[in-house]
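Undergrad:
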Amino acid sequence: MPSTARALSSSARFGTLGGSPPTPDGQAPISSTDKQITPDAESGMVYSKPRQLQTDEIPLIVDDFRRAARNAIEAGFDGVEIHGAHGYLLEQFMKDSSNNRTDEYGGSLENRCRFAVEVIDAIVHEIGADRVGIRLSPFVDYMDCFDSDPHALGMYMVQQLNKHQGFVYCHMVEPRMAIVDGRRQIPHGLLPFRKAFKGTFIAAGGYDREEGNKVVADGYADLVAYGRIFLANPDLPKRFELDSPLNKYDRNTFYTQDPVIGYTDYPFLEGSNAE
Numbered sequence: 001m002p003s004t005a006r007a008l009s010s011s012a013r014f015g016t017l018g019g020s021p022p023t024p025d026g027q028a029p030i031s032s033t034d035k036q037i038t039p040d041a042e043s044g045m046v047y048s049k050p051r052q053l054q055t056d057e058i059p060l061i062v063d064d065f066r067r068a069a070r071n072a073i074e075a076g077f078d079g080v081e082i083h084g085a086h087g088y089l090l091e092q093f094m095k096d097s098s099n100n101r102t103d104e105y106g107g108s109l110e111n112r113c114r115f116a117v118e119v120i121d122a123i124v125h126e127i128g129a130d131r132v133g134i135r136l137s138p139f140v141d142y143m144d145c146f147d148s149d150p151h152a153l154g155m156y157m158v159q160q161l162n163k164h165q166g167f168v169y170c171h172m173v174e175p176r177m178a179i180v181d182g183r184r185q186i187p188h189g190l191l192p193f194r195k196a197f198k199g200t201f202i203a204a205g206g207y208d209r210e211e212g213n214k215v216v217a218d219g220y221a222d223l224v225a226y227g228r229i230f231l232a233n234p235d236l237p238k239r240f241e242l243d244s245p246l247n248k249y250d251r252n253t254f255y256t257q258d259p260v261i262g263y264t265d266y267p268f269l270e271g272s273n274a275e
């Protein structure tokens with residue numbers, strides 16, 4: 001484990017992920033499209049119909065990302081992670097299922113990625129490549145946001161990142177894992193991107209302690225990111241160090257607002273919450 005910690009702020013816009021009611025003053029969420037996300041049958045969530053961004057509005061959103069990055073640095077963060085994954089605004093532009101535009105931000109792969117590339121360029125210019133990372137999920141099908149050629153999408157974005165010398169990291173999500181014989185099976189579909197990217201490569205998506213250690217030792221990734229199990233285990237590094245049992249996360253509490261549970265109330269290992 002490194003001896004120093006770094007705090008990064010996530011820079012993101014929701015886009016069509018806004019629920020109902022949408023945003024303050026009744027404004028519709030903005031997106032690459034005006035297509036409404038299919039209601040979630042399991043949760044009953046109905047998503048607001050988005051407003052398609054006009055071409056001349058996009059530079060204003062790019063500038064919002066730039067200013068957000070500057071604000072994060074001035075607030076004391078060491079850097080920012082651009083959220084280009086999981087159906088958020090940048091990914092809505094990048095993926096062909098959610099981008100039906102006919103201007104320079106739609107159609108070809110290059111055009112669909114133009115908005116994300118402009119955001120990356122603006123943030124790098126503002127705070128420096130050595131303070132910027134990005135999260136991408138080319139394989140993920142989330143909130144009606146998927147792509148017909150995720151390999152091409154991921155590789156194109158990696159090539160754009162490589163244009164910025166010193167870009168800190170590319171954080172990419174694995175294709176969806178499966179359960180085989182009671183154990184999670186991770187597809188390990190990120191190797192081409194790991195080989196192509198010139199900076200630190202982070203893999204994410206269903207990893208446990210054993211598999212995380214293995215892929216780093218094998219050179220498949222430089223680092224492994226943990227989300228759900230970290231939420232349920234506030235002392236996850238210590239548990240990994242001791243190979244201790246993990247708290248099981250409760251998926252039902254992941255996106256709840258009332259009551260507020262499942263965020264700061266998972267138990268620590270006995271005696272470990274004093275550090």
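Mapped onto UniProt numbering, the consecutive letters of the sequence shown carry residue numbers 1 to 275.
Built from N, CA and C at the ideal position, the CB exists for glycine as well.
From a predicted model like this one, the values you see are computed outputs, not experimental measurements.
1) How far does the alpha helix (DSSP H) with Cys145 in it reach, from first residue to last?
2) Quick one: any contact between the region 223 to 234 and the region 154 to 168, if contact means 3 or more CB pairs under 8 Å?
3) Are Val173 and Ala217 close, meaning C-beta to C-beta below 8 Å?
4) Within 10 angstroms of its Cβ, does His164 collect 16 or more other Cβ (buried), or is it exposed?
5) Give me, in chain order, the residues of the same chain whose beta-carbon lies closer than 6 Å to that of Phe201; leave out the 5 immediate sequence neighbours on both sides.
6) Taking Thr38 as the reference, give the member of Glu118, Asp144, Leu53, Glu110 with the closest Cα.
7) Since Asp147 contacts Ser97 with CB under 8 Å, what's their CB separation in whole angstroms?
8) Can you tell me where the alpha helix (DSSP H) with His125 in it begins and where it stops?
9) Ordered along the chain, which non-local residues of its own chain (more than five positions away) have a Cβ less than 6 Å from that of Leu90?
10) If we call anything under 8 Å between Cβ atoms a contact, is Tyr249 one with Ala232?
11) Quick one, which of Pro175, Glu42, Ala72, Val132 has its alpha-carbon nearest Asn252's?
12) Exposed or buried, what is Ile261 when buried is set at 16 or more other beta-carbons lying within 10 Å of its beta-carbon?
TA: According to the structure data:
1) No alpha helix (DSSP H) holds Cys145; DSSP gives it neither H nor E.
2) no
3) no
4) buried
5) Cys170, Arg194, Ala221, Asp222
6) Asp144
7) 7 Å
8) Where His125 is concerned, the enclosing alpha helix (DSSP H) stretches over 109 to 127.
9) Gly84, Ala116
10) yes
11) Glu42
12) Result: exposed.
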